[in-house]
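Under numbering that gives the first Met the number 0, residue 80 is the last one in the sequence shown; the count climbs by one each step, no gaps.
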Amino acid sequence: MTRCGSRHPADKVFCQQDPRGQNLYWIGPPGDKFDAGPDTDFAAVEQGYVAITPLQVDLTAYAAQDVVKTWLTKAGVGGEW
């Protein structure tokens with residue numbers, strides 16, 4: 000089992016058009032490895048192993064919740080907090 004390594008953000012975004020004239024955006028190429036220590040998924044794959052990394056995602060800005068609640072209350076938008 001590994002932990003998730005990380006990369007620097009991609010530097011370029013490319014815009015192309017599909018056959019119907021709609022814009023398509025491609026992000027890439029991937030940025031350089033930023034955190035690729037020996038216990039990361041990068042290291043496991045480079046050594047020929049399968050990387051198993053449990054993941055979770057929670058992008059909630061907990062530190063901002065009280066500020067936003069205040070804004071909503073002042074705006075007359077309320078609810079059960």
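Quick reminder that beta carbons are idealized off the backbone N, C-alpha and C, glycines included.
This one's a predicted model, so the numbers in the text were calculated from it and none came from an experiment.
Worksheet entry | N-terminal and C-terminal residue of the beta strand (DSSP E) that residue 34 is part of | From DSSP, the beta strand (DSSP E) with residue 34 extends over 32-34.
Worksheet item: Are the stretch 2-14 and the stretch 24-34 touching, with three or more C-beta to C-beta distances below 8 Å?
Response: Yes, they touch.
Worksheet entry | Selection from 4, 16, 78 that minimises the alpha carbon distance to residue 39 | Of 4, 16, 78, the residue nearest in Cα terms is 4.
Item to complete: Put residue 61 into one of helix, strand or coil per three-state DSSP.
Response: Note: residue 61 maps to helix in three-state DSSP.
Item to complete: Name the residue from 65, 23, 45, 18 whose alpha carbon lies nearest to the alpha carbon of residue 32.
Response: The shortest Cα separation from residue 32 among 65, 23, 45, 18 belongs to 45.
Fill in: Own chain residues within Cβ distance below 7 Å of residue 2, not counting five before or after
Answer for residue 2: 38, 39, 52, listed in chain order.
Discussion item. Among 77, 56, 63, 6, whose alpha-carbon lies nearest the alpha-carbon of residue 36?
Written reply: Closest option to residue 36, Cα to Cα, is 6.
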